[in-house]
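Chains as they are written, first to last, in our numbering: chain B, 1 to 427; chain H, 1 to 427; chain F, 1 to 427.
A virtual CB, placed ideally from N, CA and C, is assigned to each residue, including glycine.
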Amino acid sequence: MITGEKMHKWAADLFNINRSITGPGVRETLVFLSNLIKGLQIKSVASGTKVFDWTVPDEWEIREAFIEDKYGNRIVDFKNNNLHIVGYSVAVDQYMELDELQKYLHSLPEQSDAIPYVTSYYSKSWGFCLTHNQRESLESGKYRVYIDSTISPGVLNYGELIIPGDSKEEVLLSTYICHPSMANNELSGPVVTAALSQWLLSLKKRRYTYRIIFIPETIGSITYLSKNLDYMKENVIAGFVITCIGDNRTYSFLPSRKGGTLADRAALHCLKNSVKKFNEYSYLDRGSDERQYCSPGVDLPVCSIMRSKYDTYPEYHTSLDNLSFISPEGLKGGYDILKKTIRIIEVNDYYKNIFYCEPQLGKRGLYPNLSIKGGSADDLKNLMNLLAYADGEIDLIDLANIINVDIIDLHPIVEKLIDSELIEKVC
Amino acid sequence: MITGEKMHKWAADLFNINRSITGPGVRETLVFLSNLIKGLQIKSVASGTKVFDWTVPDEWEIREAFIEDKYGNRIVDFKNNNLHIVGYSVAVDQYMELDELQKYLHSLPEQSDAIPYVTSYYSKSWGFCLTHNQRESLESGKYRVYIDSTISPGVLNYGELIIPGDSKEEVLLSTYICHPSMANNELSGPVVTAALSQWLLSLKKRRYTYRIIFIPETIGSITYLSKNLDYMKENVIAGFVITCIGDNRTYSFLPSRKGGTLADRAALHCLKNSVKKFNEYSYLDRGSDERQYCSPGVDLPVCSIMRSKYDTYPEYHTSLDNLSFISPEGLKGGYDILKKTIRIIEVNDYYKNIFYCEPQLGKRGLYPNLSIKGGSADDLKNLMNLLAYADGEIDLIDLANIINVDIIDLHPIVEKLIDSELIEKVC
Amino acid sequence: MITGEKMHKWAADLFNINRSITGPGVRETLVFLSNLIKGLQIKSVASGTKVFDWTVPDEWEIREAFIEDKYGNRIVDFKNNNLHIVGYSVAVDQYMELDELQKYLHSLPEQSDAIPYVTSYYSKSWGFCLTHNQRESLESGKYRVYIDSTISPGVLNYGELIIPGDSKEEVLLSTYICHPSMANNELSGPVVTAALSQWLLSLKKRRYTYRIIFIPETIGSITYLSKNLDYMKENVIAGFVITCIGDNRTYSFLPSRKGGTLADRAALHCLKNSVKKFNEYSYLDRGSDERQYCSPGVDLPVCSIMRSKYDTYPEYHTSLDNLSFISPEGLKGGYDILKKTIRIIEVNDYYKNIFYCEPQLGKRGLYPNLSIKGGSADDLKNLMNLLAYADGEIDLIDLANIINVDIIDLHPIVEKLIDSELIEKVC
């Protein structure tokens, strides 16, 4: 049984691992996930591999990092919070005056108690991040900066799970595992995806094949696409980037580039019928791996359902995006919406009437014998409307949208009408 | 000359006949109509005939029906109002206590002075309908229930009139003749259709052929389609279900399933240019024979223009839908709108300019010689706009919609431009 | 350097010439323009030439025209204002009572200090125009009316300039030269078009060929089309009627008949990104030569950008539409908008990404090395959005509309991305 508490616990277990786009933190995370998800493969691609316009970078490993003041106090220490170090910082061991040190410090004046999240993946550099309050309190004098890290050839890792279905057509679930200690914009993604994987694996039967990947953002999706693009273009019928799915402030939808794909339609149908309100963003507001999946020429049908969208909530990309920003309820709500969206895709189909005109429902016990003024029951109204629109030219999502009903409520009626030999699936 | 008074008189003459989906009341009604409409054929289909998923039912004949109280008073009597009996009631002659009797009574607590209209066509049963006030006043004690009726093999009847036109393409007018004493939701339909038939028969020339049918609702249209579907699919270019067209509260429009057919466009153009406001319903609000005509696979271009739509006004399907609910003005207004809609279809065509650029209207006396500031007359503006848009790619309805003019006002201008050899019809 | 003052001066120089659809005034105007515009050809078509449904009219020449009162005062004199005479007035020399004279007078009761503009091109007639105030003050008595004019075979003149570009595809600029002393609705058109011609001639390189014509309205465009229609239909990709472009009250847009052509899209993109608000008219509000260019069968992609649109401002077609109604700022604003619209057409193209997925911008110096929370610069955002949408299927105007940026700001980014070999033009 998937619970919000279980997912929150996984997030807590993963919280302190120092993830980046490569390195031991990613591997540790993937090992943890592979213990949750039967069959998850940990794959690796060597540094230096060309992937479209990019090159897989060297691995970054960091062992220790701190700033020491003139009294020998470690005033900033990577051990306390892995956001303190700029991602991909090179090694350094130096003394410097405060003025010089300031050039290597990052803080947020307008969020003075938050440590920002900063990276410099593709340019050799180093730096420390701290709260603006602490930075303001620094006294002049000499400081020691110490970083024990290496950047050297290795691999880029990712996790991949293919769960076969009746069809080789695929639904893609993509989430990322490259951010250090942040909860909504990172861990909510992998833990909800892990939960969805467990649910999908538990099913006796799946109509579609599921391709589930845990990758570093941007370079990971680019690398993955460079290896799988042709196959995916042929087989992926819907996909979702799973991120920022753990708080309980709101729901958000970010469409694919052109919108209107099966993924978009299923997600919108789900949100409209399941939550009171949600924010509908434009592809102009994109910011995660749909940037690659929906890029011109790639054009996979990929969108996102989120709770508070990245780059819109104040805690984003700071130490305030922590385990108390997400919640068991938030994670469970996000999980439920994604699960329902997947179910919508699984049940979506084209149906058409077998008979011309309305069938005689009464003789099949589907219609009251006595006709008297007054509204029909909702189920009967939905059944009549389904028959009135089932022309084999619109799929069940569009049909449900026209007749204003949740497709998940409509599906049992579809099955009843198939059993009664009144409608049939259109191939 | 068609007048509202004449139509109201016809309705009054037909009011007390006990119509149902089969039986002598239908035949009596059709005979009355055939005296009004030269050439109306009365057709019959045998009980037991398979029509798509349905079977033509046995005929129902009822001679007498009453409830007698312990004092021998006939407190409910079919003779007084044929709504007192549930349609297709089987024969019964029994004494029963009030408690038992209640199971066979139907009334409307929220409309306590109305007798409801109830039927049980396809399941052997019986019952009485009465006002809720009367029902509340019933004293305990023994009652006698008596129904002298038979349900036995016979025929289903309908009326059919084909008025030939220059083209074998057809306009369908369909109305129903299966409700007992109710005025708007029944008799307004046949009497307005009778008046339209008289008008169409009086025309020297018709562009289209008119197929006009008087049928029992649902089983009648299904039966009719089962005999004529292929021919109608090939030839019907527009059709209208004519019902609820006799009160003077409002106008209503109910589209075909997908909308946008010639029938829909003509009806909407007519209503928008003829009445101040009207209710535009969705196909989700359907409820009459468009349910068959627009069903998947049948897909005839059929919509409805009504006054107060069935199932939206309180008097619907009760004894309050009587001759004072409809009016001569209401019937005439409905007749006029339908007649105008038919005229729109008759005059609708594709036209294109004969000359490149604007023609020189002045030399033909179509334009003032003196050019001075100030608005042109409406007719000149319409003529100029017609020439500006007549590209042979849009029909006159669309053109009139673009230039915001009633097509009936535009038509004389079309004829003037044809006479002037400035535009021509596009085949 | 084009300035508003220069254009206003040209208008002032042209103001007192008595233009009509033919005659010496048109020629004098064309000679003046040909001194401004290198290469402008003055063409002529003989009276009597058949042009589609029309015939080129005889030339009108007028030497003198006045009304004299009983005291010998010339109370209305063509010498003072050439609007005093009805265009194409025939010769007359007569004495008549005021009552009789009134039949030949035109004034505007609701604009009592304005002389109206009246013509009677195609029907032999004569008349005088005066302010309503003056007309009201006329005393009874005998008046002498004197017009010394001739209408006789001659030519219809127009100016034509073809500025070749890299492509034989053409942009059409059309303006008219047939109104006597009026400023916004006439002279703003030719002077702004003259300025645009100078600018286009000054360019080292033009992508498109420019066809620039100065014609009498209606009969001129009909005549011009009758000679050039086939070639223009094949080659004109966008065109603009240039008129009413000199006041500074507002901006206006009038679309082509069906809208959505390159000309419409460029003009709308320009206006939306350049001015705070503008009036968007319908083709139903048309009134100038688009009536011919967009007529059915001609169907050239021609629209209009104006300032106060003809027939909407009170001074229109009166002596109040004078040199103080237009202004240097008004003319310059109109010129700038048309110039920018032409530049939009010149830079518009289809582009697509060279790489799958986002390219690595950092290694090309196009992206900051350090990733930290906070908005990107607008230029970077535009660059990323351009790459995200450049799929070779939408042109730059549509792309700029989607990403909400002025195409003129986007163009340098396009060039940077071409230089960086990240996008390429689609042929």
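query                                                                                                                                   : result
Positions along the stretch 340 to 372 of chain F whose CB lies within less than 8 angstroms of some CB in chain B                      : Lys352, Asn353, Phe355, Tyr356, Cys357, Glu358, Pro359, Gln360, Gly362, Lys363, Asn369, Leu370, Ser371 and Ile372
Simplified DSSP assignment, three categories, for Ala91(F)                                                                              : coil
Buried or exposed (CB count within 10 angstroms, at least 16 for buried), Asp289(B)                                                     : buried
Alpha helix (DSSP H) segment containing Glu5(H), residue limits                                                                         : Gly4 to Phe15
CB contact below 8 angstroms: Ser295(B) versus chain F                                                                                  : yes
Sufficient close CB pairs (3 or more, under 8 angstroms) joining the stretch 368 to 375 of chain H to the stretch 318 to 334 of chain H : no
Of the listed residues Leu284(B), Leu254(B), Lys124(B) and Glu421(B), nearest to Arg364(B) (C-alpha basis)                              : Glu421(B)
Alpha helix (DSSP H) runs contained entirely in the stretch 214 to 247 of chain H, provided each spans 4 or more residues               : 219 to 235
For Asp93(F) and Gln111(F), the rounded distance between their alpha carbons                                                            : 29 angstroms
Min CB distance Ile403(B) to chain H below 8 angstroms                                                                                  : yes
Within-8 angstroms CB hit, Ala132(H) to chain B                                                                                         : As written in the sequence, residue 132(H) is His, which differs from the Ala given in the question. Closer than 8 angstroms: no.
Span separating the alpha-carbon of Lys227(F) from that of Thr49(F)                                                                     : 11 angstroms
Contacting positions in the stretch 92 to 120 of chain F - beta carbon closer than 8 angstroms to chain H                               : His106, Leu108, Pro116, Tyr117, Val118, Thr119 and Ser120
At least 3 beta-carbon pairs within less than 8 angstroms: the stretch 35 to 49 of chain B vs the stretch 143 to 159 of chain B         : yes
Distance CB(Gly87(H))-CB(Tyr121(H)) smaller than 8 angstroms                                                                            : yes
Enclosing alpha helix (DSSP H) for Gly39(B) [first to last residue]                                                                     : Looking at the DSSP string, Gly39(B) is not in any alpha helix (DSSP H), and its letter there is neither H nor E.
Which of helix, strand or coil DSSP assigns to Asn353(H)                                                                                : strand
Min CB distance Trp54(B) to chain F below 8 angstroms                                                                                   : yes
C-alpha gap between Phe78(H) and Phe278(B), whole angstroms                                                                             : 58 angstroms
C-beta neighbour in chain F for Asp391(H), strict 8 angstroms                                                                           : yes
Within-8 angstroms CB hit, Val191(F) to chain H                                                                                         : no
Contact belief for Ile423(B) with Lys352(B) at Cβ below 8 angstroms, rounded distance in angstroms                                      : 6 angstroms
Beta strand (DSSP E) segments (min. 3 residues) lying fully within the stretch 246 to 308 of chain B                                    : 252 to 254 and 302 to 306
Distance between Cys294(B) and Tyr283(B) (C-alpha atoms, nearest Å)                                                                     : 10 angstroms
Contact residues within the stretch 216 to 235 of chain H, judged by C-beta distance below 7 angstroms to chain B                       : Ile222, Leu225 and Leu229
Chain F contacts from the stretch 254 to 282 of chain H (Cβ-Cβ distance under 9 angstroms)                                              : none
Presumed contact (8 angstroms Cβ cut-off) between Asn18(B) and Ile62(B), rounded CB distance                                            : 7 angstroms
As assigned by DSSP and simplified to three states, the class of Arg364(B)                                                              : helix
Contacts that Asn382(F) makes with chain B (C-beta to C-beta distance below 7 angstroms)                                                : Within chain B, no residue comes near Asn382(F); the closest Cβ sits about 11 angstroms away, beyond 7 angstroms.
Per DSSP, the bridge partner or partners of Phe128(B)                                                                                   : Ile85(B) and Leu105(B)
Cβ-based burial, Thr175(F) [other Cβ within 10 Å; buried from 16]                                                                       : buried
Contact list for Asn385(F) against chain B, beta-carbon separation under 7 angstroms                                                    : Leu284
Where Ala65(F) falls: helix, strand or coil (DSSP)                                                                                      : strand
Secondary structure of Asn157(F), DSSP reduced to three states                                                                          : strand
Three-state secondary structure assigned by DSSP to Val405(F)                                                                           : coil
Closer than 8 angstroms to chain F by CB, His84(B)                                                                                      : no
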